[in-house]
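This report concerns only the one structure given below.
There are 4 protein chains.
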Amino acid sequence: MSAPKKVVLAYSGGLDTSIILKWLQTEYGCEVVTFTADLGQGEELEPARKKAELLGIKPENIFIEDIREEFVRDFVFPMFRANAVYEGLYLLGTSIARPLISKRLVEIAEETGADAVAHGATGKGNDQVRFELAAYALNPDIKVIAPWREWDLSSRTKLLDFAEKNQIPIAKDKRGEAPFSVDANLLHTSSEGKVLEDPAEMAPDYVYQRTVHPEDAPNEPEIIEIGFEKGDAVSINGEALSPANLLTKLNELGGKHGIGRLDLVEGRFVGMKSRGIYETPGGTILLEAHRGIEQITLDRGAAHLKDELMPRYAELIYNGFWYSPEREMLQAAIDASQHHVTGSVKLKLYKGSARTVARWSDHSLYSEAHVTFEDDAGAYDQKDAAGFIQLNALRLKLLAARERRLKG
Amino acid sequence: MSAPKKVVLAYSGGLDTSIILKWLQTEYGCEVVTFTADLGQGEELEPARKKAELLGIKPENIFIEDIREEFVRDFVFPMFRANAVYEGLYLLGTSIARPLISKRLVEIAEETGADAVAHGATGKGNDQVRFELAAYALNPDIKVIAPWREWDLSSRTKLLDFAEKNQIPIAKDKRGEAPFSVDANLLHTSSEGKVLEDPAEMAPDYVYQRTVHPEDAPNEPEIIEIGFEKGDAVSINGEALSPANLLTKLNELGGKHGIGRLDLVEGRFVGMKSRGIYETPGGTILLEAHRGIEQITLDRGAAHLKDELMPRYAELIYNGFWYSPEREMLQAAIDASQHHVTGSVKLKLYKGSARTVARWSDHSLYSEAHVTFEDDAGAYDQKDAAGFIQLNALRLKLLAARERRLKG
Amino acid sequence: MSAPKKVVLAYSGGLDTSIILKWLQTEYGCEVVTFTADLGQGEELEPARKKAELLGIKPENIFIEDIREEFVRDFVFPMFRANAVYEGLYLLGTSIARPLISKRLVEIAEETGADAVAHGATGKGNDQVRFELAAYALNPDIKVIAPWREWDLSSRTKLLDFAEKNQIPIAKDKRGEAPFSVDANLLHTSSEGKVLEDPAEMAPDYVYQRTVHPEDAPNEPEIIEIGFEKGDAVSINGEALSPANLLTKLNELGGKHGIGRLDLVEGRFVGMKSRGIYETPGGTILLEAHRGIEQITLDRGAAHLKDELMPRYAELIYNGFWYSPEREMLQAAIDASQHHVTGSVKLKLYKGSARTVARWSDHSLYSEAHVTFEDDAGAYDQKDAAGFIQLNALRLKLLAARERRLKG
Amino acid sequence: MSAPKKVVLAYSGGLDTSIILKWLQTEYGCEVVTFTADLGQGEELEPARKKAELLGIKPENIFIEDIREEFVRDFVFPMFRANAVYEGLYLLGTSIARPLISKRLVEIAEETGADAVAHGATGKGNDQVRFELAAYALNPDIKVIAPWREWDLSSRTKLLDFAEKNQIPIAKDKRGEAPFSVDANLLHTSSEGKVLEDPAEMAPDYVYQRTVHPEDAPNEPEIIEIGFEKGDAVSINGEALSPANLLTKLNELGGKHGIGRLDLVEGRFVGMKSRGIYETPGGTILLEAHRGIEQITLDRGAAHLKDELMPRYAELIYNGFWYSPEREMLQAAIDASQHHVTGSVKLKLYKGSARTVARWSDHSLYSEAHVTFEDDAGAYDQKDAAGFIQLNALRLKLLAARERRLKG
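Protein chains in written order, with full-length UniProt numbering: chain Z, 1 to 408; chain P, 1 to 408; chain S, 1 to 408; chain H, 1 to 408.
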């Protein structure tokens with residue numbers, strides 16, 4: 001790879017990406033463009049502008065954008081149509097944000113004539129893979145720079161030395177080492193590393209940042225109602241909300257009731273296992289609600305096929321293959337199932353749990369006429385079941401007959 | 001089908017199966033053998049003996065058995081190795097009990113020279129299918145009698161008339177109609193029908209029988225520890241327990257903390273949707289714990305394959321194909337993955353939730369040496385990630401290059 | 001089911017469906033509408049009109065249609081996009097025709113105000129299922145009449161008696177029993193039953209009707225070229241052809257070279273195994289060609305996912321679930337993969353075989369620059385493979401280390 | 001990676017691996033152990049001993065072994081139980097040999113106290129991955145040396161220079177470049193590269209080495225009979241044969257009839273597409289025969305599940321994951337299905353094709369009593385089909401009713 005001339009950096013404004021910014025300038029002597037996105041991580045963006053300017057970035061090279069609506073509408077919601085969970089439990093909060101960041105990095109590179117993009121993910125994690133696969137899938141000629149895999153700033157001390165040497169301001173609370181590492185966006189907050197590295201030890205309470213402890217949650221349950229249209233949530237308690245506003249509102253509700261905490265050891269794509277603490281308050285409610293509305297609006301054949309495809313779909317997102325033909329194929333299948341996933345779900349939120357307690361829809365496939373214990377007025381002929389069973393049994397009978405024949 | 005001469009009836013001792021017993025005698029003039037099993041449903045069995053005798057069953061034709069250990073060891077535990085859930089949520093508590101009952105019915109038929117078995121499931125549900133597929137898979141020549149599909153006792157009144165006419169004692173509380181229908185065994189209690197038939201209405205509190213309301217559960221969380229060997233739970237808080245005793249103990253813990261309630265609309269094999277309220281206190285804890293121990297002992301390749309196979313496996317059990325070659329194939333695959341699923345999991349039980357909070361194992365695949373944020377002493381070379389990404393990206397780059405070439 | 005008043009019958013004009021026609025008139029006293037379709041079975045349709053008139057059908061109730069183009073375009077081609085084969089070998093020639101016939105039956109019923117449709121499939125086969133599932137999926141209120149499951153004309157003699165009694169003309173060659181049963185359409189000819197019922201006996205030569213014996217095929221191979229656009233074949237040897245014309249031409253080529261014969265024992269949906277002799281000359285060539293063009297135009301991720309989904313897709317078609325949400329979901333996934341499946345394939349036809357020998361495309365993903373054994377000018381860095389292997393190996397190393405640790 | 005001290009090299013005795021041998025000695029100054037295996041590639045092994053001695057390998061460090069029986073018994077046959085084909089067509093002849101070679105390399109390393117193994121695969125192909133993943137899965141601490149990824153002998157000229165400088169004898173026909181690259185073992189011969197690099201060009205006739213041109217095959221078909229036991233072939237025409245002898249015999253038969261040629265463009269695990277010419281004469285017959293015997297002995301449920309699992313299984317072998325938990329899980333499932341796959345298949349071999357024409361088995365599930373077009377004496381009640389269809393249709397009717405309701 002030849003040296004980059006102009007690089008678009010995913011820039012948070014924090015110490016680490018500021019060091020990367022400087023390192024790119026000094027190591028490659030290249031022009032740096034910064035991209036700072038509001039994905040709902042809960043930090044102000046404007047300070048990033050000032051820091052970028054301070055580090056010598058030209059104003060026209062500073063991109064600061066609120067992409068929350070795009071994030072939820074085009075990434076989070078399509079994923080939730082699939083009921084995607086990784087390894088049975090993880091709602092993919094970090095994974096799903098990466099392709100969008102890469103998409104904007106690549107687009108800004110094309111707008112500004114940059115030949116490279118750079119990110120601050122380390123060489124041990126999944127995020128590097130997600131950033132880079134997405135970037136290459138969108139621009140096969142782009143260069144991707146991952147300083148953590150290249151430089152020799154391998155300890156905290158070396159990093160701080162570099163920062164000081166380069167006049168990068170260091171916030172006081174960054175001098176000491178953080179006791180764990182955090183990633184956040186509108187869908188979730190993840191914490192990992194350091195105090196969390198021993199999976200036999202319970203995570204300390206202070207790790208949780210976005211949800212109250214279930215013990216501290218209200219003593220009264222709260223019933224909410226979520227409306228869906230074609231597989232996507234569109235309202236809460238009757239109020240229509242944009243995708244990002246809806247997820248924000250669900251986060252408030254979930255956070256208040258201590259919903260969506262997860263302590264997980266997961267298998268990374270790069271081959272090792274890691275332990276993470278995830279908080280996905282709104283997403284946890286949304287998943288439950290989406291399953292709730294599918295229960296009455298989705299046919300069994302479609303629902304079971306979705307369940308079988310889901311683990312692969314989740315794995316693809318986890319591994320960074322959002323922009324891949326196979327994810328798009330699965331998405332096409334999933335989306336084809338959601339046309340009638342319209343209606344309302346009532347959920348009970350209480351001390352860490354969100355559970356569906358009622359659901360209704362004009363698109364419902366539930367037929368009280370068929371299922372009733374009462375007289376069904378001929379809707380269903382119980383005698384049909386005899387033939388149904390006989391023909392389902394036929395191959396099993398032939399198997400059993402063989403067994404007896406060979407033993408006899 | 002020629003008329004049966006001797007029938008083994010799955011007999012609970014209750015009103016409905018007593019009516020069936022009598023009906024078999026009068027309709028077919030056949031000898032009846034009763035089989036009453038303790039599957040952990042929480043009812044005494046000896047009264048069933050007296051009732052059977054009263055209805056003229058010879059003592060040698062009355063079979064009363066405690067099959068709880070076999071149930072948990074050979075059915076529930078193998079299923080939990082798979083982390084089986086149907087339609088994302090249902091732990092299959094009713095489904096998994098049916099094949100064992102059929103197995104004993106068929107075995108008793110062979111011991112007693114009976115040519116038929118009979119069950120009390122209706123023609124609308126899944127249970128008839130499960131009973132009958134299992135019976136036919138074990139004895140291709142057995143006759144199966146399903147009185148609910150045959151007789152004309154189509155209303156409660158007609159049933160009670162038949163009972164009275166035939167001197168079948170009717171408990172006072174059975175005169176009126178039960179407000180919903182219940183099935184119970186050591187794994188769960190299910191309730192459905194009547195007051196539950198409108199899925200838009202919240203289930204009344206009195207439906208729940210086996211778990212306290214989360215609001216009434218203890219205000220203090222309880223931490224428990226479950227030990228596993230080769231995929232099966234073997235101890236609680238350090239005390240070794242037999243399968244049935246272990247599940248019984250988990251049920252107590254789960255019931256006390258309001259764990260394992262589910263309000264579900266599901267797709268039945270016979271084609272309609274139905275709504276059920278399930279309480280699976282111990283099973284819900286067990287599933288969480290099993291996932292917890294797999295997190296550190298199961299390789300990612302095995303874990304993901306298991307997740308992909310699971311929905312099919314669950315569907316097979318739900319549909320009644322426990323005794324089928326494909327269920328056995330899947331079981332072989334699942335069991336092959338469990339050799340090292342040995343270790344301990346700590347869970348926090350609190351007001352409706354059971355969550356893994358720590359896990360450890362001599363068989364752990366978690367490598368702090370690899371994953372650490374600290375210096376890893378060369379365990380992992382971050383530069384490897386560059387090549388890993390490049391080759392994973394290669395096909396995506398070729399795709400992107402095609403896109404550009406064709407547009408350009 | 002109340003008695004039908006007006007029935008649309010799938011009518012071939014042959015003896016069996018003429019008997020059905022009469023039986024419907026006499027058994028139900030209902031008005032009969034006939035539907036006779038040209039699906040490429042190679043028979044003239046106009047005689048069916050005369051026979052229908054002779055049996056008293058009003059001219060406005062006689063529907064005769066050439067639906068070959070619709071058949072190939074909307075059913076055969078979508079299925080071939082999936083490379084669908086049932087049980088590894090069967091190209092689904094009969095299965096794929098049934099839903100289209102049902103679709104037209106239901107449409108004609110709606111046009112003519114009929115309340116029922118009828119077909120001539122027996123109660124042992126798959127076709128009854130396919131006809132009826134499709135009919136019910138398109139009109140939930142339609143009645144379906146399957147005379148073979150209802151009447152008592154259970155022997156050839158009884159059928160002929162009924163025909164004579166009702167003045168149905170019997171062709172001389174129909175007096176004796178056919179030595180096997182045949183179904184044909186533009187995609188294939190299938191033969192089964194009677195002389196073919198022992199799968200240990202080789203099928204007699206006279207069973208094959210549509211392909212020459214490979215031994216009698218030309219001694220010279222023939223090279224042909226098939227052009228594809230977006231997954232569908234569009235030309236042969238440079239000549240653009242409509243779907244039906246293209247398949248007709250491939251049938252000629254395949255028939256001449258003895259291509260597409262199959263002797264199969266398959267598992268029917270109704271539970272038994274049956275033996276069929278299938279001839280699918282054009283389809284066999286088309287499948288090979290479609291795989292040929294996908295080899296260079298379809299990404300590995302998409303191709304492998306397609307291969308994994310295919311058996312389910314084929315099973316759905318075989319079992320009669322063309323009109324089901326899950327088939328439509330799979331079709332959406334498959335179709336999403338075919339956008340670039342455009343280009344040309346050269347095949348060699350010779351004495352029973354069709355093999356891809358060359359293929360090219362503007363949409364090709366094959367990169368000689370990458371794969372070459374020669375100097376690749378930096379297109380591919382072999383050192384990347386080291387990291388790729390290391391990270392793919394990491395979990396395997398951790399597994400092996402555990403094995404050693406526990407043994408050590 | 002620290003420098004290796006003692007290396008076990010997969011040594012063919014040819015020029016390339018002789019250069020590697022020398023390079024290992026000179027580059028690392030390490031002791032070299034050679035392993036030369038007879039996998040049925042059709043070359044004498046003893047010359048390799050002489051060459052190794054000439055290059056200074058101590059006699060006790062020269063391992064020459066005939067591992068054909070182990071190869072077929074423990075690798076080829078288990079794979080054929082799965083009917084494994086990669087990307088619909090490739091029988092995995094190269095892929096399946098690699099793990100066995102690695103297994104012996106690792107075992108010899110442990111016997112001889114070597115700390116490393118080495119292979120002669122390039123950095124562009126799949127074989128490096130297969131060798132190395134297998135080695136690491138068997139010994140997590142082994143070093144693997146892949147000289148083609150390390151050295152600078154990047155052209156034929158440099159290689160020959162190195163050989164001359166190091167007194168490595170060069171056979172005359174190796175001076176010029178081979179027009180393509182070949183790999184062979186008892187299962188297949190593959191050819192790729194150079195003259196084959198343009199997939200739009202037909203492969204020249206001289207590429208094929210193991211099968212006659214179909215045009216030159218006998219004009220008379222040959223009927224053979226293969227006997228199976230529990231999924232593995234055990235006899236040909238009534239003669240019991242060991243696994244390797246059986247495959248050898250099938251290769252003769254297939255080679256003589258021009259069977260098993262394949263011209264394929266495939267997706268490599270490392271991300272690019274490549275074109276190969278494969279000849280798998282015996283394997284092609286074996287696959288057809290195995291499907292033939294499964295047709296009557298394998299239940300539909302098992303057969304369809306196998307078909308769904310197969311593409312993943314084949315992909316795992318192709319990608320080098322033979323020694324992985326997920327391959328072992330799938331193998332357990334597949335093997336669990338083969339208990340009754342016992343019987344005989346008759347095949348017709350003719351000018352490039354092998355087709356099943358008859359099959360029989362004491363374990364057959366085919367029931368003429370059920371399937372017959374004649375009177376079945378009550379084996380099957382056609383009326384059962386009505387109920388079977390009604391309940392399979394119920395969900396489709398509910399879907400159709402919704403569609404009408406919403407439109408109406």
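Ideal placement from N, C-alpha and C gives every residue a C-beta, glycine not left out. Keep in mind the model is a prediction, meaning the values are calculated, not measured.
Per the Cβ contact rule, the region 11-31 of chain H is not in contact with the region 331-350 of chain H (fewer than 3 Cβ pairs under 8 Å). In summary, residue 408 (chain H) is exposed, with fewer than 16 beta-carbon neighbours lying within 10 Å of its beta-carbon over all protein chains present. Beta-bridge analysis with DSSP links residue 23 (chain S) to no other residue.
Against chain Z, the beta carbon of residue 367 (chain H) has neighbours under 7 Å at 398, listed in chain order. Rounded to whole angstroms, the Cβ separation of residue 247 (chain P) and residue 72 (chain P) is 5 Å, and the two are in contact under 8 Å. In its chain, beyond the 5 residues on either side, 365 have a beta carbon closer than 7 Å to the beta carbon of residue 299 (chain P).
The three-state reading of DSSP puts residue 156 (chain S) in helix, counting H, G and I together. Counting only residues of its own chain and dropping the five nearest sequence neighbours on each side, residue 303 (chain P) has a CB closer than 7 Å to the CB of 294. Judged by DSSP in its simplified three-state form, residue 102 (chain Z) adopts helix. Contact annotation: in the region 76-95 of chain H, no residue has its CB less than 8 Å from a CB in chain P.
Interface flag for residue 304 (chain Z) against chain H is unset, since no Cβ pair is found closer than 8 Å.
For residue 305 (chain P), the enclosing alpha helix (DSSP H) stretches over residues 300-319. Taking a 10 Å sphere around the C-beta of residue 339 (chain H), we find fewer than 16 other C-beta atoms and assign the residue as exposed. Membership of residue 143 (chain H) in any alpha helix (DSSP H) is not indicated; the residue belongs instead to the beta strand (DSSP E) covering 143-145.
Residue pairing by DSSP places residue 227 (chain P) opposite P:235, P:344 in a beta bridge. When beta bridges are read from the DSSP output, residue 34 (chain S) appears opposite S:9, S:62. For residue 272 (chain Z), the chain S residues whose C-beta falls within less than 7 Å of its own C-beta are 394, listed in chain order. Residue pairing by DSSP places residue 273 (chain Z) opposite Z:267 in a beta bridge. Not flagged as an interface residue toward chain P: residue 137 (chain S), since no C-beta distance is shorter than 8 Å. Distance from the CA of residue 135 (chain Z) to the CA of residue 397 (chain P), rounded to the nearest whole angstrom, comes to 9 Å.
Distance from the Cα of residue 126 (chain H) is smallest, within the candidate group S:406, S:54, S:385, for S:385. For residue 395 (chain S), the uninterrupted alpha helix (DSSP H) segment begins and ends at 384-407.
In the DSSP assignment, residue 355 (chain P) falls outside any alpha helix (DSSP H) and lies within the beta strand (DSSP E) extending over 353-360. By DSSP's assignment, residue 183 (chain H) forms a beta bridge with H:190. Beta-carbon to beta-carbon, residue 59 (chain H) and residue 75 (chain H) are separated by about 29 Å, too far to satisfy the 8 Å threshold. CA-to-CA, the gap between residue 318 (chain P) and residue 87 (chain P) works out to about 10 Å. At a cut-off of 8 Å, the C-beta of residue 383 (chain Z) has a neighbouring C-beta in chain H. For residue 337 (chain Z), the chain S residues whose Cβ falls inside 7 Å of its Cβ are 325, 329, in order along the chain. With a contact defined as Cβ atoms closer than 8 Å, residue 265 (chain S) and residue 199 (chain S) qualify at about 5 Å. The C-alpha of residue 406 (chain S) lies about 19 Å from the C-alpha of residue 232 (chain P).
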